[in-house]
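For what it's worth, this note's numbering labels the leading residue of the first sequence as 8, then goes sequentially.
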Amino acid sequence: MPELPEVEVVRAGLEPAVTGALVTSVTVFDERSLRRHTGPGEDFVDRLEGRTVLSAERRGKFLWLPLGAQARSAGSGQAHSTGTGQARSTGSGQAHSTGSGQATGAEALVVHLGMSGQVLLRDRATDDRLTRIRLDLEHPAHGPLRLNFVDQRIFGSMAIDAMLATPDAAVGLVPSQVAHIARDPLDPLFDDRLFLARLARRNTGVKRALLDQTLLSGVGNIYADEALWAARIHYDQPTSTLSRARAKLLLAEVRLVLAKALGEGGTSFDAQYVNVNGASGYFSHSLNAYGQQGKPCPRCGRPIVRESFMNRGSHFCPFCQRVRLPV
DNA sequence: AAGTAATCCTGATCGC
DNA sequence: TGCGATCAGGATTACT
């Protein structure tokens, strides 16, 4: 499951390769991979071909490529891209998108890997099985390039989305689909105090809170279990009963595990997650709790347990991680 | 209104 | 060898 470290590895791999590249041709093999795009496949293709990729950005598990203004006719050697990036300001549409954030006319290609998505950089001759969307690119310095969006379970998606100026200025623009997501804990502008205050006000279990992308983004099932194990907190401990000290410890452990996994290139099981070159990460060798049911807890030696929770698995040490109610 | 459950998806793997 | 059942869970939608 690609979470923050895996998505960041993809972003970092993409950035030097695609920045400045022109999208020359787009092929949609399966429109279900456009579930987050408003409009049919042809619209996606029309709005992407002829655009230039400006950079590669990320927040939490969302990845996006800001796009330059659209050339008048794709394929022709446009002299001036008579920039009409404007115009498509969604009319009134986004009453729901976030409640905050202002349309700017700028757009981005938003990528979410979902459960099994991969972005693979190839030469023009290479195809990958289960490719749902293919972008052919032309980079002024590096030449032709192919970007295959591969996704077995089709929980991931690509979309052209409007960039909004959020009140949360400083960073500038985020796609409308990302505007309601909180910053991730590796973001230098992540607000610890705000997070701790909101966490304390929640009336739910702590793992539910960790997985809530509007509270903090980038954490999924693997790193939630790992951070909770490291902090010795039970996944269903009510957030309102966590002391501030333990909440701060948890946040610190979240940061640690995300940073460590990032340093090791992410977590790979089989070929479910790979970097843009198709290589696996090594963090699966460092897991203490996730997927370790039946194996001894690296801390106390008692077996790790897996319980069903939120339609997924929760892995923890029943001895080290017990619900502690305040006295 | 906040919190929770349901929903979407299919290739790989397992058991018989 | 074949085939059906099972499994994985992020984000959105739909309820209560």
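Ideal Cβ placement from N, Cα and C applies to all residues, glycine included.
- Item | Helix, strand or coil at T246 [DSSP, three-state] | To locate residue 246, count along the first sequence from 1; it is residue 239. Three-state DSSP puts T246 in a helix.
- Going along the chain, which residues of its own chain have a beta-carbon closer than 7 Å to the beta-carbon of R205, five neighbours each way excluded? On the first sequence, position 198 is the one that residue 205 refers to. For R205, where only same-chain residues beyond five positions count, the Cβ hits under 7 Å are L222.
- Counting only the same chain and skipping the five closest in sequence on each side, list residues whose C-beta sits under 6 Å from that of D243. Taking the first sequence and counting its residues from 1, one reaches residue 243 at position 236. Here the set comprises G212.
- Task: Using the Cα positions of L5 and T34, report the straight-line distance between them to the nearest angstrom.
- Result: Because the chain spans 8 through 334 in this model, residue 5 falls outside it and cannot be assessed.
- Task: Provide the residue span of the beta strand (DSSP E) that contains D232, from first to last.
- Result: Along the first sequence, one-based indexing puts residue 232 at 225. In the DSSP assignment, D232 falls outside any beta strand (DSSP E) and within the unbroken alpha helix (DSSP H) covering 228-238.
- Beta carbon of D130: closer than 8 Å to some heavy atom of the ligand SAM? No copy of the ligand SAM appears in this structure; indeed no ligand is present at all.
- Item | CB contact flag (L258, L203, <9 Å) | Taking the first residue of the first sequence as 1, we reach residue 258 at position 251. Taking the first residue of the first sequence as 1, we reach residue 203 at position 196. Contact: yes.
- Query: Going by beta carbon distance, what residues of the same chain come within less than 8 Å of K302, once the five residues before and after it are set aside?
  - Reply: Taking the first residue of the first sequence as position 1, residue 302 is located at position 295. Result list for K302: P310, I311, in chain order.
- Measure the C-alpha to C-alpha separation of F323 and A234 and round it to an integer number of angstroms. Counted from its first residue, the first sequence places residue 323 at position 316. Counted from its first residue, the first sequence places residue 234 at position 227. Roughly 10 Å between the two C-alpha positions.
- Which first and last residues belong to the beta strand (DSSP E) in which A172 is found? By 1-based counting over the first sequence, the position of residue 172 is 165. Where A172 is concerned, the enclosing beta strand (DSSP E) stretches over 164-172.
- Item | Neighbour-count burial assignment, Q184, 16 or more Cβ in a 10 Å radius | Stepping through the first sequence from its first residue, residue 184 is reached at position 177. Here Q184 is buried, its C-beta having at least 16 other C-beta atoms within 10 Å.
- Put G84 into one of helix, strand or coil per three-state DSSP. Counting from 1 along the first sequence, the entry for residue 84 is found at position 77. Because G84 sits at a pLDDT of 38, beneath the cut-off of 50, its placement in the model cannot be relied upon, and the point is left open.
- Task: Kindly confirm or deny that the segment 253-273 and the segment 11-18 touch, where touching means at least three C-beta pairs closer than 8 Å.
- Result: Contact check between the segment 253-273 and the segment 11-18: three or more CB pairs, one atom from each, fall below 8 Å, which counts as touching.
- Task: Classify Y314 as buried or exposed, calling it buried when 16 or more other Cβ atoms lie within 10 Å of its own Cβ.
- Result: Here the question's residue 314 lines up with position 307 in the first sequence. Per the sequence presented here, residue 314 reads as Glu, with Tyr not at that position. Exposed, because fewer than 16 other Cβ atoms sit within 10 Å of the Cβ of E314.
- Message: Taking 9 Å as the threshold (C-beta atoms), are A115 and I161 in contact?
- Response: In the first sequence, the residue the question calls residue 161 occupies position 154. In the first sequence, the residue the question calls residue 115 occupies position 108. Not a contact, by the Cβ cut-off of 9 Å.
- Query: Quick one: is Q328 buried, meaning 16 or more other Cβ sit within 10 Å of its Cβ, or exposed?
  - Reply: Taking the first sequence and counting its residues from 1, one reaches residue 328 at position 321. By the neighbour-count rule (16 or more Cβ atoms within 10 Å), Q328 is buried.
- Report yes if the CB atom of R129 is closer than 9 Å to the CB atom of L152, and no otherwise. Residue 129 sits at position 122 when you count from the first residue of the first sequence. Residue 152 sits at position 145 when you count from the first residue of the first sequence. Less than 9 Å separates the beta-carbon of R129 from that of L152.
- Task: Return the chain-ordered list of same chain residues with a C-beta closer than 7 Å to the C-beta of I229, the five sequence neighbours on each side being excluded.
- Result: Looking up residue 229 in the first sequence gives position 222. Only M8, E10, T274, Y297 meet the Cβ criterion.
- Item | Complete alpha helix (DSSP H) runs within the segment 9-87 (minimum length 4 residues, chain order) | The qualifying runs are 11-25, 48-55.
- Query: Counting Cβ pairs closer than 8 Å, one from the segment 20-32 and one from the segment 55-64, do we hit at least three?
  - Reply: Yes: at least three Cβ pairs fall under 8 Å.
- Message: Counting C-beta neighbours from all protein chains within 10 Å, is the total for L55 16 or more, i.e. buried, or is it exposed?
- Response: For the purposes of this step, residue 55 is taken as the residue at position 48 of the first sequence. Taking every protein chain shown into account, the CB of L55 has 16 or more other CB atoms within 10 angstroms, so this residue is buried.
- Message: To the nearest angstrom, how far is the alpha carbon of G121 from that of M165?
- Response: Mapped onto the first sequence, residue 121 falls at position 114. Mapped onto the first sequence, residue 165 falls at position 158. Approximately 10 Å between the Cα atoms of the pair.
- What separation, rounded to the nearest whole angstrom, lies between the Cα atoms of A169 and T248? Translated into positions along the first sequence, residue 169 becomes position 162. Translated into positions along the first sequence, residue 248 becomes position 241. If I take the Cα positions, the gap works out to 40 Å.
- What do you get for V330, buried or exposed, if any count of 16 or more other CB atoms within 10 angstroms of its CB means buried? Taking the first residue of the first sequence as 1, we reach residue 330 at position 323. Exposed.
- I think R139 touches D37, with their Cβ atoms under 8 Å apart; what is that distance to the nearest whole Å? Sequence index remark: in the first sequence, residue 139 carries index 132 (1-based). Sequence index remark: in the first sequence, residue 37 carries index 30 (1-based). So it is a contact: roughly 4 Å between Cβ atoms.
- Query: With distances taken between CB atoms, is the gap from V181 to G108 smaller than 9 Å?
  - Reply: Indexing the first sequence from 1 puts residue 181 at position 174. Indexing the first sequence from 1 puts residue 108 at position 101. Closer than 9 Å, so yes.
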